[in-house]
Structures are given as structure tokens and as C-alpha cells.
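Student: Plus 637 on top of the position in the sequence shown (first one is 1) and you've got my numbering.
Just dropping this structure here.
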Amino acid sequence: MSEISLKRAHNESQENQAVETKKRQNVAERIMENMGHREGQGLGQNEQGITEPIQIGVQNGRLGLGHEYNQKTAGEWNDQEENKSVEEVPEFLSATQEDRDSFSKSFDINWILKGEALTTLLDEEEFCDNQLICDLLKAKGIFDHMNIQDIQNARQRANPYETVMGAIFQNRAAMKMANLDRIFEWKLSREFDDELRQAHNPLTMEDCTHNFKMNDEIFYFADICAGPGGFSEYMMWRKAFYNSKGIGFTLRGRDDFKLYNFKASSQAFFETYYGSVGDGNIYNPENIKSLEEYVRKRTGGKMCETVMSDGGFSVEGKEDIQEVLSKRIYLCQFIVGLSLCRVKSDTQSGGNFICKMFDVFTAFSAGLVYVMYLAFEKISIHKPNTSRPGNSERYIFCENLTEFGATVLKNYLIYINDEMEKTPEDADEDILELIPLETMTGDEKFIEYLRKSNHKWATRQILYLQKYETYTLNKGAFDEDQSELREKCLKYWEIPDKHRPLVDNQPPAMALRVLVGDHMDYNFSSARSLNIETLNSFKDYSNYHLSFLPENTPPLLLVTNGKGETFLIDSAQSNIKQHDLYLPPKTLLLVQKTCIYTKNQKGALLNCADWSNTIVIIDAAWIAGNAVYDQSLPERSVSIQKFCETVNKTTANYQQNFEHRLEKVWNVKKKGKNRSHMNSQLNSYLLIPSKTLPLVPSVDSFSELKVAYLEANNRCETMAVDKYEISARLADDNKERYVSVKTIRIYKRKDDKNQVIGFFDSWKNDTVWDWVWKSDARGKFEIMSRGSSAGFDRHITIFSPEGRVYQVEYAFKAINSTNLTAVGVKGNETAVIAVQKRVPDKLIVSDSVTSVYKLSPSIGCCAIGMIPDCKFQVKRAQSEAAGWKYENGYNMSVEQLARRMADLNQYYTQNAEMRSLGSALLMISYDDEDGVQVYRVDPAGYYRSMKAVSVGVKQQPATSFLEKKFKKQSEFDEDETIQTALEALQTALGTDLKAQEVEVVVVTKKDPSFRKLSNDDVDHHLNAIAERD
638 MSEISLKRAH NESQENQAVE TKKRQNVAER IMENMGHREG QGLGQNEQGI
688 TEPIQIGVQN GRLGLGHEYN QKTAGEWNDQ EENKSVEEVP EFLSATQEDR
738 DSFSKSFDIN WILKGEALTT LLDEEEFCDN QLICDLLKAK GIFDHMNIQD
788 IQNARQRANP YETVMGAIFQ NRAAMKMANL DRIFEWKLSR EFDDELRQAH
838 NPLTMEDCTH NFKMNDEIFY FADICAGPGG FSEYMMWRKA FYNSKGIGFT
888 LRGRDDFKLY NFKASSQAFF ETYYGSVGDG NIYNPENIKS LEEYVRKRTG
938 GKMCETVMSD GGFSVEGKED IQEVLSKRIY LCQFIVGLSL CRVKSDTQSG
988 GNFICKMFDV FTAFSAGLVY VMYLAFEKIS IHKPNTSRPG NSERYIFCEN
1038 LTEFGATVLK NYLIYINDEM EKTPEDADED ILELIPLETM TGDEKFIEYL
1088 RKSNHKWATR QILYLQKYET YTLNKGAFDE DQSELREKCL KYWEIPDKHR
1138 PLVDNQPPAM ALRVLVGDHM DYNFSSARSL NIETLNSFKD YSNYHLSFLP
1188 ENTPPLLLVT NGKGETFLID SAQSNIKQHD LYLPPKTLLL VQKTCIYTKN
1238 QKGALLNCAD WSNTIVIIDA AWIAGNAVYD QSLPERSVSI QKFCETVNKT
1288 TANYQQNFEH RLEKVWNVKK KGKNRSHMNS QLNSYLLIPS KTLPLVPSVD
1338 SFSELKVAYL EANNRCETMA VDKYEISARL ADDNKERYVS VKTIRIYKRK
1388 DDKNQVIGFF DSWKNDTVWD WVWKSDARGK FEIMSRGSSA GFDRHITIFS
1438 PEGRVYQVEY AFKAINSTNL TAVGVKGNET AVIAVQKRVP DKLIVSDSVT
1488 SVYKLSPSIG CCAIGMIPDC KFQVKRAQSE AAGWKYENGY NMSVEQLARR
1538 MADLNQYYTQ NAEMRSLGSA LLMISYDDED GVQVYRVDPA GYYRSMKAVS
1588 VGVKQQPATS FLEKKFKKQS EFDEDETIQT ALEALQTALG TDLKAQEVEV
1638 VVVTKKDPSF RKLSNDDVDH HLNAIAERD
């Protein structure tokens, strides 16, 4: 029956009951009229009786018939008082730098006020109207004598948003995060691009198979006190594919993460950590400290872009003082938020924090909110629609963590937690204030916001508690808008309105057939043999890539089913073995199982005991639902690298959970359950991508391969090995680790029609070649090293007989690879850089192409050369400048930064495991001591302060022009400096520039900040040059 039919039947039933009641009343009235009664008169001889009919009461639970609550009558609810909105608009509160400075001046570590522990909220009045608090407590008390089942039933019928439930996720908590993410304009998931967000998570039944953020950095988030993991399931679903990495911390035991219930996203991208103590107790200071260190290591120092916290515990029977009982979990969650969020800087936004709270009526809770108000750029206290309106729950959202919050305020909260840790649980004394009351009430903006927020949410809660009471008495009532609101909310939150996905537990052969599709005729073991004749037949070496394979046996296919179980399949599909590694569904990889080696004191290879199993990913067709089989090999390699970073876990993570997981697996087997547990993965695994490089420059990489020997089975096996750098995110030590290289595989990138050769096409078209290295044929590496400069350019640390280091010279040539030219000029009080802007493809958004970057508030640069190298140098320079400011409290000078970057470049010319960077930097800045400055840093590690300089493909003609110009004139004002740089660039290029073809950045004494001129300003200067000429 449809919803409309149900409503119509319900209304007809009520009308029929009313008619029957009226009939019964008319009969009674006629009888009484015959006995002499008149309407409006009382009964009895003296008309002293009642004049109204006796009202029907409702029997509630097992309460006695005479209980006062049973005398209450069922009434009608007027839903006009409710605001059943779909769109929610949060109200923000932001602190200024003056607020923080004022607080910092008056801050005192001895602010803590202790006193007798609170047992009631009736006396609170500073942050909310006292009468409203009393009304709220009274409203909560109406359920003291009611049956819990009746209350829950009434809540389900009365809450307009009750039927939203969990949708495609495991619980309501995931929907809360979806709701909150939408409320705060996607600032939790950072999915600001509407088209990409909707493409990755379509509302239709079809799933997206293309990862549009393949080249983006990994999104790191933390989920605190949030078992069973609904927040994380939503976040990984929203980020899609392998774009995110989650770290969870919660109490072990009944409320632990239930990762095996993740259906909308994969548990493979999430790892749990329970602190140094191992129990997941957030109150323990040691656990908090170790959690921060763990997250810093796992994120490579980047920390989290979003930290979510949903801590709470049962307060049954003590609902009136839920806020008081929850004060320490508030405190510890806030400490973790300040510890794990990324700190805002000039080059990146700060991390965001979302945390569940309850009432904020006491000075302690208000003090915590005040701390977060100063620690972050802005905050908002909001109760989302998905939070049941009759409870005290609300969420505080904090945006952009400041350095002040991550240092001073965090340390103060840690100090308070240490004090609470020392206090016995049964002590009569408690911390009542952490911020003086007069400090908070003196901030009118803060106190007004908090009182307004408390009034808003307490009033709404009272309203819905009254509605619950009405619906408890009227068991046939229900909110008729539930279905419509559910549909509208899901659409607004961009959540598919469909059932929770079922686990598709396919057999491995069926899972493989689905992923292979129309390419069943391929044979991935049919690589052709490589020899010198084949190598000589290659027309264009730049069209080929090579990979180092650790074994000389045919690779295996690794395929996953819907549960994330992995299977290894040989080329003939005759041998299928299940693996106990869990990976995301819809994954199809070409792999080899191998070992990581270390060396002993004698130089012999030893199996590394850190990871019991190592899998090298050679190639991929599907990665976590992302169809990469049509992409080129370099693009597939990028996806493989990112995938490995998101699914790998530390050995400490495996070791910490070993006994706990083993116990759970035993319990599952003992109870006879077949449900899959993530805890059945007991062995540690390391997934590493096969080293894939372009063929032409990679011939020199063979000189980095070393011959080592492995003692096994009473014999010595000689093999080639390649040094493998284990990320500091996974290992604590600095051991040198090696991967064997027994096969070199060459792939052709494009066919004769210049079409990309994909995963399956490589095997169909016979465009894969293998060369197997043998222990007695080390000299065969020379077949890959033809045409070099007498062998002296194969290694970065080898001088030629003429005293030249060819690799460094090649790095200088690489600067011209982008065919750009840049000019820097220093005037009296102005420094300027003018650089060509060239968009290589018409489909590229021109605004996304740039060669100029801001390194600090007063230092900027232009990077010319190989784009990846330029990006790397810029990020390193930004990190160095930010680190200097953090450690010393003032900005780094341009001379110090140029020297530091030059030192790093010079270091790259001395190490065999590195190569020189094919990029050059021009830096400009202004400081009070030295005025405006222009510096150049080149790949050899040479840096100098310059009056004028040029780099790039047209460096020589530009330099000649500048030398002549400075010979005639040595003093330049701002306009002359800018026009000199533009004129030098035009002269070198031999053409007139347009404003959109050049980028111009300046710093001046009048405005020391590094800034970029608009197209209109550039056009003005170009016109001035043309008119002068």
C-alpha cells in the first residue's frame, strides 16, 4: 500500500471513531433528558455534580491506576511550532588576533579554580537563562516514571528525521557526518568541487570508475572515540577510491571499531591505534602523547586535515548532570583535536575539528569552548537534523587551527588533564573553572554567542521533549513528514537513496572475469625476450619505460572479491590461492611476492624481519574500483604509488593488535560464525610499487644496482639488488633495505598510431619485453648503457678525465626542457621577476599553470625547469621557511633561504642514490636591513645575490640586454624596474608580449609582501614600453 493510501486510511479511521463517539453521547443525552437533566446543569438533587463528561485516561506501563501520571490525558500536537527544515545554516564565532594577544598577555597557568564537585545545574546562570535550565531539567523529568519502550517508540514516531537512519552506511553516526559535512559547506571532507564530488559519488545506481583526484595528495583524517566507525566509513566513501587515509583511536572492547561492517568504503584505508598503553583510553596522558607522535609519523609530519570526535558514555539515571559527567571527555577530545590537526600557515590551511558535546551551561564547559574559540580561526556550535532533537547532543565545529592553539593552548589543556589524572575519582574536590569567569564574561562577543546558542538548542529540546510526552500518551500519532523529509535530506546531503550495499562474495574466478571484461584473451605471462637486436630495433627510446622486477618467475594476478579477500592466480588460472591480506574490492593487480633484505656486517643479505610478507605491484588494471587499464604506464604507476601509501600499515600497528586480533579470530571460530573479521589478518604485509622509469635517462640507473650475495641452504646465491627507501612513515630506523632485481621489463608507451597502450593491450600487442639477469652475467647490464659519454655520465659522483660531472651538466640542460625564460631585476626599492607563461594544452585551465610561488610572506620565487623538480624545490623551500619561523619566531631572510636551498642542491650532486634537480630558482624579497634582494640558485648548489639575472632557454640574449642596460643606467624606480624586466624578456624572445603570456611578481619597500601583478597592470607597462619605443 502506498504512503498516501496509508494516510487516507488512518484519517478515515479517526473520522469513524468520532462518529461512533457522537452517537453514543446522543443516546446518553436522551436517556438523561428523559430523567429530567438539562444540558449545562450539574448532576444531583442540588445540581452540585460535574457538568463535563469524564475524560478517558491512559494506563502507562506497570504504574498503578491511581498514579498521578495516569491521570494525564492524550492531547493533540500542533506541529506548527516545529521548524522542519532541510537546509541548515550554522552561526559562526571568530576571534581576532587582538583577542588572542590580549588573552596571551593575561594568561596564567594558575587560573584553575577548584571546589566542591557539581551535583546539579540548577544554580547555573552565566551562560544560559536559569529559568530555561530549570524548564529543561523539568522537561527531562517527565520520563522518570515512563516505560523506556514507550519512550523509544514515541521518539521514533515523533522525530521528523527518524527514518533517515543510516542509508548506505552502517549506522546513524555516518549520516550525522554527512549532514555536518553539508552544513559546513564540505569543509570536513574538503570536497569543494561540485562536479568532482558528484562524479565520484553519483546519486544514481551506477558507480564511478575514474579517479579524478589520482594526482592529488592523500587526505589524512583521524577518528577519535568513534567506534564502531560510522564517521570514518562516510569520510572514506566521500573521498572515494584511494584518496584518503584514516587513523582511528577508541576504547578496546565492546565499543571498538567494527571495520568488517564497512560496506560503503573499504577498511583497507583505515588503521587503528590504541596508544602506548594499548587500551585506547583517551584519559591517559601517555596515550594522548603517543597518538600525536603516531599520527605525525604516519602522515609524514603533515598531520590531519580533519579530526572527528564522537566520544560519550551512558549516563542513564543521571541525565540531568550529563554535562558535568562528560567534562573530562570533552577536555581530552579537545586536546587530541589540537594535537592532530594541521597548523595553518602561509602556504596551507589549518586542520578542522568536529566534536560532540552536550549542554554548555557550566563554567568548565564554557571555558573549553573559549579555548577552542581562540585556538581556531572560527567555531560554530550546531545541532544537526540527524541528531535526535530531544537529547542534549550538539557538535562544535572548529575551522583552521592556529599556531597559538597548537602550542600555548594545547599545552595548557594538557596541564589540566594531568591535574585531573592526579585527582582520585572519589574525591570531593573538582576543577570548576579553567578560564576565569570574568575573562569569559568580559568578552561580550563570546558570551553573547554562547548564551544565544544555549537558548536556541535548549528551547528546541524542550519543545521536542513535550512532543515525545504527547506521542507517548497518544500511541497512534506519528509525524507525517518523515518520509518526505528523508527523501529531501538525502538529496541535499548528496547521499544515494538506496539500500546498504550487500557484500558480493564472488568466487575468485568470477571476480576476475568481471574485472577483465572483454579482455579474456590476454596472457600476462607472454612477455617477449629482450636482447641487443631487439633493443637496437627500438626507433625512439623515449617511447619506452622499464620496470625492475624482484623475481625471474612469471608474475601473478592479485584479485579481490566483494568482501576484500585477496586471491593470487597464475597465468593459466589453474592455481588459485587465497591470501590473508585484505584489500579494497574491485582490485586487479599484477604482482610478485618477494622479500625485503638488509645486510649484515659481512655484507651478506638477510631477510628483513619487519614485514613477514612483501608484495611488489608491477602493474594494475583496477585499483579499489578505479579502472586504470586504459591509462598509460606512467599514470598507472602514479596510482599504484598512492595506493600503496594508503593501504600500508606500520609493523608496530600489526604487533600491537596481534594478540587482540588472534583472540577475536578464536572466538569467531569457537562460536561457529562465518562472518569475516578484519582481525583475521595477523601477518604484517608491505606493498611496494615496482620501480618504473623512462628508458632513456634510466640506463644510468643500472650503475646503482649492486651485486650482493644471500646465504641460503648451505650455498651462496649472488643477485642484483636495488636500494629501497622504506618511508619514515612505516619504519623508525635508518636501516638500508634492498629489493632484488632479477628481471628488467620494458613497456612500450604508445603504438604506431600514437595511441596509449593500456594494461591489457600491452599483452595483446606483444609490447612487453623481459630481460632476465643471471648471477654469472653481470656484464649484461652493459647492453642497456650504450651511447654514453665514455661511461662517465652514468653516475652522479664520477668525474670525467677532463674534470667534468656530466650529470650536473645535464641538470642545467634540463632547465630548458619547458622552453621558458625568466628575468629578475633589482631596482632602488623594487625587485621584480618576469617569466613567460605557456599553457601546453588547450584543455588545461590557464589559471592552474604558473611558474611563480610564494615561499613566505615576504619571499617569492620563480622556478624554471622540469615541472616535478620545480614543485619539489618550491615545497621544500616553503617547508624550510615555515620551519625557521616556527623554531625562531621570525621570518627567514632570502639570503638564508637561498643558501639553504643551494646546500641541498649541492648535496644531491654527492650522493649516488640521488640525482641533481633539473630546475633553477630566482628569489626576490625585501627586508629592513638589506632592502630589496634578487637571488639565483642553480642545480650545482651555487647561489648569488644579483643586480639582474636571467634563466631559461633564452638566458644568453636576455643577459646581454641586461648587461647593456645596467651599463647605461644603474638606478631604477618601481616602474622602470618592471619595464626593464619585461623589455629584457621581449628582446630575448624577439616578439612583443601580451599580458596573458607573462607573469610579473614584485616586492617593494612600500609594500614588502610578495605579490603578482594583474593582467591590467602588466598591459599598462607593456603599453608604456611600446609608446617609449
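From the three backbone atoms N, C-alpha and C, an ideal C-beta is built for every residue, glycine too.
Mind reading off the beta-carbon distance from Tyr1219 to Gln904? Whole number of angstroms is fine, and I expect it under 8 Å.
Tutor: Locating residue 1219 in the sequence shown gives position 582, where the first residue counts as 1. Locating residue 904 in the sequence shown gives position 267, where the first residue counts as 1. So it is a contact: roughly 7 Å between Cβ atoms.
Student: Thinking just about the alpha-carbon of each residue, which of Leu1110, Lys1328, Thr1203 and Lys1372 is nearest to the one in Asn1237?
Tutor: Looking up residue 1237 in the sequence shown gives position 600. Here the closest residue by C-alpha is Lys1372.
Student: Output needed for Leu1492: all residues of its chain with C-beta closer than 6 Å, excluding positions within five of it in sequence on either side, in chain order.
Tutor: For the purposes of this step, residue 1492 is identified with residue 855 of the sequence shown, where counting begins at 1. Around Leu1492: Cys1498, Ala1514, Gln1515 and Ala1518.
Student: Which value, in whole angstroms, describes the spacing of the CA atoms of Pro1645 and Glu1608?
Tutor: In the sequence shown, residue 1645 corresponds to position 1008, counting from 1. In the sequence shown, residue 1608 corresponds to position 971, counting from 1. Distance between the alpha carbons of Pro1645 and Glu1608 is about 19 Å.
Student: How about Glu719 and Ser1090: are their beta carbons less than 9 Å apart?
Tutor: Counting from one through the sequence shown, the residue named residue 719 turns up at place 82. Counting from one through the sequence shown, the residue named residue 1090 turns up at place 453. No, the Cβ-Cβ distance between Glu719 and Ser1090 is not below 9 Å.
Student: Ala1448 and Gly1555 - do their beta-carbons sit closer together than 9 Å?
Tutor: As a position in the sequence shown, residue 1555 is number 918, starting the count at 1. As a position in the sequence shown, residue 1448 is number 811, starting the count at 1. It is a contact, given that the beta carbons lie within the stated cut-off.
Student: Would you tell me roughly how many angstroms separate the C-alpha atoms of Leu1367 and Val1486, rounded to the nearest one?
Tutor: Residue numbering aside, residue 1367 sits at position 730 when the sequence shown is read from its first letter. Residue numbering aside, residue 1486 sits at position 849 when the sequence shown is read from its first letter. So the two alpha carbons sit approximately 34 Å from each other.
Student: Please return the same chain residues whose Cβ sits closer than 6 Å to the Cβ of Val1476, not counting the five positions on each side in sequence.
Tutor: Along the sequence shown, read from residue 1 onward, the residue named residue 1476 stands at position 839. Once the five neighbours on either side are set aside, the close Cβ partners of Val1476 are Ser1483 and Val1486.
Student: Taking the CB atoms as reference points, tell me whether Pro1187 and Thr1231 lie closer together than 9 Å.
Tutor: Here residue 1187 is taken as the residue at index 550 of the sequence shown, counted from 1. Here residue 1231 is taken as the residue at index 594 of the sequence shown, counted from 1. Yes.
Student: Just mark Ser1211 as buried or exposed, buried being the case when its beta carbon has 16 or more other beta carbons within 10 Å.
Tutor: Within the sequence shown, the letter at position 574 stands for residue 1211. Under this definition Ser1211 is an exposed residue.
Student: Taking only three categories from DSSP, how would you classify His1658?
Tutor: Looking up residue 1658 in the sequence shown gives position 1021. His1658 falls in the helix class under three-state DSSP.
Student: Where do the N-terminal and C-terminal ends of the beta strand (DSSP E) with Val1569 fall, by residue?
Tutor: Along the sequence shown, one-based indexing puts residue 1569 at 932. Where Val1569 is concerned, the enclosing beta strand (DSSP E) stretches over Gly1568 to Val1574.
Student: Give me, in chain order, the residues of the same chain whose beta-carbon lies closer than 7 Å to that of Asn1311; leave out the 5 immediate sequence neighbours on both sides.
Tutor: Your numbering for residue 1311 matches position 674 in the sequence shown. Its pLDDT being 44, under 50, Asn1311 is placed unreliably in this model, and the value from its coordinates should be taken loosely. If we look at Asn1311 and ignore the five residues flanking it on each side, it has no Cβ neighbours.
Student: So Lys777 and Leu1102 are supposed to be a Cβ contact under 8 Å. How far apart are they, rounded?
Tutor: On the sequence shown, residue 777 is found 140 positions in, with the first residue counted as 1. On the sequence shown, residue 1102 is found 465 positions in, with the first residue counted as 1. Contact holds; Cβ gap of about 7 Å.
Student: Hey, Lys1328 and Glu1466: beta-carbon distance below 9 Å or not?
Tutor: In the sequence shown, the residue the question calls residue 1328 occupies position 691. In the sequence shown, the residue the question calls residue 1466 occupies position 829. No.
Student: In three-state DSSP terms, what is Asp1407?
Tutor: The residue labelled residue 1407 in the question sits at position 770 within the sequence shown. It is a strand residue.
Student: Could you have a look at Phe1161 and say whether DSSP puts it in helix, strand or coil?
Tutor: Taking the sequence shown and counting its residues from 1, the one referred to as residue 1161 is at position 524. In the structure shown, Phe1161 sits in coil (DSSP, three-state: anything other than H, G, I, E or B).
Student: Look at the alpha carbon of Val952 and the alpha carbon of Lys964, and state the distance between them as a whole number of angstroms.
Tutor: Position 315 of the sequence shown, counted from the first residue, corresponds to residue 952. Position 327 of the sequence shown, counted from the first residue, corresponds to residue 964. So the two alpha carbons sit approximately 13 Å from each other.
Student: For Met994, count the other beta carbons within 10 Å of its own beta carbon; 16 or more makes it buried, fewer makes it exposed. Which is it?
Tutor: Start at 1 with the first residue of the sequence shown, and residue 994 comes out as number 357. Buried, because 16 or more other Cβ atoms sit within 10 Å of the Cβ of Met994.
Student: What does the alpha-carbon distance come out to for the pair Asp1654 and Val1635?
Tutor: Locating residue 1654 in the sequence shown gives position 1017, where the first residue counts as 1. Locating residue 1635 in the sequence shown gives position 998, where the first residue counts as 1. Distance between the alpha carbons of Asp1654 and Val1635: 12 Å.
Student: Go to Phe886, then tell me how far its beta strand (DSSP E) extends in each direction, as first and last residue.
Tutor: For the purposes of this step, residue 886 is taken as residue 249 along the sequence shown, with counting starting at 1. Element bounds for Phe886: Ser881 to Phe886.
Student: For Ala1663, count neighbouring C-beta atoms within 10 Å of its own C-beta (all shown protein chains included) and say buried if the count is 16 or more, exposed if not.
Tutor: Taking the first residue of the sequence shown as position 1, residue 1663 is located at position 1026. It is exposed - the Cβ of Ala1663 has fewer than 16 other Cβ atoms within 10 Å.
Student: Going by DSSP in three states, Gln678 sits in which element: helix, strand or coil?
Tutor: Sequence index remark: in the sequence shown, residue 678 carries index 41 (1-based). Three-state DSSP puts Gln678 in coil, outside helix and strand.
Student: In the DSSP assignment, find the beta strand (DSSP E) that holds Met1503 and state where it starts and stops.
Tutor: Within the sequence shown, residue 1503 is the residue found at index 866, counting from 1. Per DSSP, Met1503 belongs to no beta strand (DSSP E) and is neither H nor E.
Student: Taking the alpha helix (DSSP H) that Trp874 belongs to, which residues open and close that run?
Tutor: Walking along the sequence shown from the start, residue 874 turns up at place 237. Per DSSP, Trp874 belongs to the alpha helix (DSSP H) from Gly867 to Lys876.
Student: The alpha helix (DSSP H) with Gln1098 in it runs from where to where?
Tutor: One-based indexing of the sequence shown puts residue 1098 at position 461. Its alpha helix (DSSP H) spans residues Glu1081 to Leu1110.
Student: Alpha carbons only, please: which of Asp1118, Ile1233 and His1019 is nearest the one belonging to Cys1245?
Tutor: Numbered from its first residue, the sequence shown carries residue 1245 at position 608. Looking at the Cα atoms, Ile1233 is the closest of the given residues.
Student: Would you say the beta carbon of Gln1119 is closer than 8 Å to some non-hydrogen atom of the ligand MN?
Tutor: Only the bare structure without any ligand can be found here, which leaves the ligand MN out of the picture.
Student: Helix, strand or coil, according to DSSP, for Ser1646 in the structure here?
Tutor: Along the sequence shown, one-based indexing puts residue 1646 at 1009. Ser1646: coil per DSSP, three-state reduction.
Student: Report, in whole angstroms, the separation of the C-beta atoms of Asp957 and Leu774, which I expect to be a contact under 8 Å.
Tutor: Residue 957 sits at position 320 when you count from the first residue of the sequence shown. Residue 774 sits at position 137 when you count from the first residue of the sequence shown. Asp957 to Leu774, Cβ: 5 Å. Contact.
Student: Give the secondary structure of Glu1070 by DSSP, where H, G and I count as helix, E and B as strand, and everything else as coil.
Tutor: As a working mapping, residue 1070 is identified with position 433 in the sequence shown. Strand at Glu1070.
Student: In this structure, how does DSSP classify Ile991 when only helix, strand and coil are distinguished?
Tutor: Walking along the sequence shown from the start, residue 991 turns up at place 354. Ile991: strand per DSSP, three-state reduction.
Student: Cutting at 6 Å between CB atoms, please list the residues of its own chain near Met1356, excluding the five before and the five after it.
Tutor: As a working note, residue 1356 is residue 719 in the sequence shown. Closer than 6 Å at Cβ, skipping near neighbours: Ser1377.
Student: Reducing DSSP to helix, strand and coil, say where Gly974 ends up.
Tutor: Numbered from 1 along the sequence shown, position 337 holds the residue referred to as residue 974. Here Gly974 sits in helix by DSSP.
Student: Looking at the structure shown, is Ser1651 part of a helix, part of a strand, or coil, going by DSSP?
Tutor: As a first step, residue 1651 is located in the sequence shown; it is residue number 1014 there, counting from the start. Ser1651: coil per DSSP, three-state reduction.
Student: Between which two residues does the beta strand (DSSP E) carrying Val1588 extend?
Tutor: Position 951 of the sequence shown holds residue 1588. Taken as a continuous stretch (DSSP letters only), the beta strand (DSSP E) holding Val1588 covers Ala1585 to Gly1589.
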